[in-house]
Amino acid sequence: MLSRAVIASALLSVVLGGWGDPLRDLGVPNYDCGADLMKPSARLVFCLTSQLTRKTYTSAFQIPTNVNSVRPGDIKVVMALGDSITAANGAGAEDPLAVVLQYRGLAFMAGGDKSLEQHVTIPNILKKYNPKLYGYSLGIGAKWMKAHSDVIDMANDWKLLNIFIGGNDICGLCRHPDYAPSNCVAEIHQAVQYIQDNVPRVIVNLMSMLHLELLRQVDTGNMFCLALHTDECGCEQNKNFTDAMISAALYRNINSSIRQ
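Structure below.
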């Protein structure tokens, strides 16, 4: 829940103005990698009628069995695991009050709103290679992914899972020692191991964290952002929690451990 201070500052920003213009969508017009690269790697196997056995073998597409052979067009399902940033909180907000909304269709890891020409997301890129991609989010709010058991073969179809998480741990590290980067990394490893053990043919895209030490620079002089992040990132205004400490947690602990 947002505090009264955040709500009051949002209303004040609306009344007084100064909120600024909404961010412009960034798209990639006329995206093309060439016909050969845009194709899936699943190859068509041709079997002709045998003159000896008189049997006719029909052609069929073979799904890659090795991850090193997978092309973007072979990915059939896209998924995301993360926090409010992954869910695109406020990504399409046109006023301070709309920051509380989750614009999941615009989320860079899982959003499928618009097209690549209008808005860059990983699913919108993948849809260029495979128009029959499933799993991406649409619209605003907590919309559940529709089950596609009739068209998805969980055992054989390739899936992409994007993981972008950990910002909340750093934002609370100064107040909660159990948010230590080593604990965060251990839990991520546990989650990835569980996925590997239980989900076949899934590619895990594990992204490193944002440069949260820059948050203070972005918020300087912005009343609404300062009030919002008092709730959302309490350690931002803790002067004893220095930029160097945040950077150390990000680089030497979390990012280096994930790379291992």
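Just so we're aligned: the sequence shown equals residues -20 to -1, 1 to 240 in mature numbering (1 follows the signal peptide of the UniProt record, and there is no 0). Where a beta carbon is used, it is the ideal one built from N, C-alpha and C, also for glycine.
According to DSSP, residue pairing for residue 139 in a beta bridge involves 57 and 182.
Pairing residue 87 with residue 101, the inter-Cα distance amounts to about 7 Å.
Contact annotation: residue 90 and residue 117 have beta-carbon atoms nearer than 8 Å.
DSSP places residue 117 in the strand class (E or B) of the three-state scheme.
Boundaries of the alpha helix (DSSP H) harbouring residue 205: 203 to 212, taken from the DSSP string. Between residue 67 and residue 43, the alpha-carbon positions lie close to 31 Å from each other. Shortest Cα-Cα distance from residue 109 to any of 180, 213 and 13 involves 13. Judged by DSSP in its simplified three-state form, residue 98 adopts coil rather than helix or strand. Your pair residue 96 and residue 52 does not check out as a contact, with CB atoms roughly 12 Å apart and the cut at 8 Å.
For residue 64 and residue 9, the gap between their C-alpha atoms comes out near 28 Å.
The alpha-carbon of residue 7 is positioned some 19 Å away from that of residue 70. Looking at the DSSP output, residue 144 sits in a beta bridge with 62. Closest by C-alpha distance to residue 161, out of 20, 57 and 228, is 228.
Annotation for residue 230: 189 place their beta carbon closer than 6 Å to its own, counting only its chain and skipping 5 residues before and after.
The shortest CA-to-CA distance from residue 11 to any of 85, 119, 186 and 98 is the one to 98.
Taking residue 187 as reference, the option from 81, 141, 58 and 208 with the minimal CA-CA separation is 141.
Going by beta carbons, residue 184 and residue 132 fall outside the 8 Å limit. For residue 226, the uninterrupted alpha helix (DSSP H) segment begins and ends at 223 to 228.
Pairing residue 149 with residue 193 gives a Cβ-Cβ distance that is not under 8 Å. Judged by DSSP in its simplified three-state form, residue 85 adopts helix. In the three-state reduction of the DSSP assignment, residue 163 falls in the helix class. Scanning 191, 155 and 139 for the CA closest to the CA of residue 211 turns up 155. When only Cα atoms are considered, residue 85 and residue 104 end up about 10 Å apart.
Assignment of residue 110 by DSSP, reduced to helix, strand and coil, places it in the coil class.
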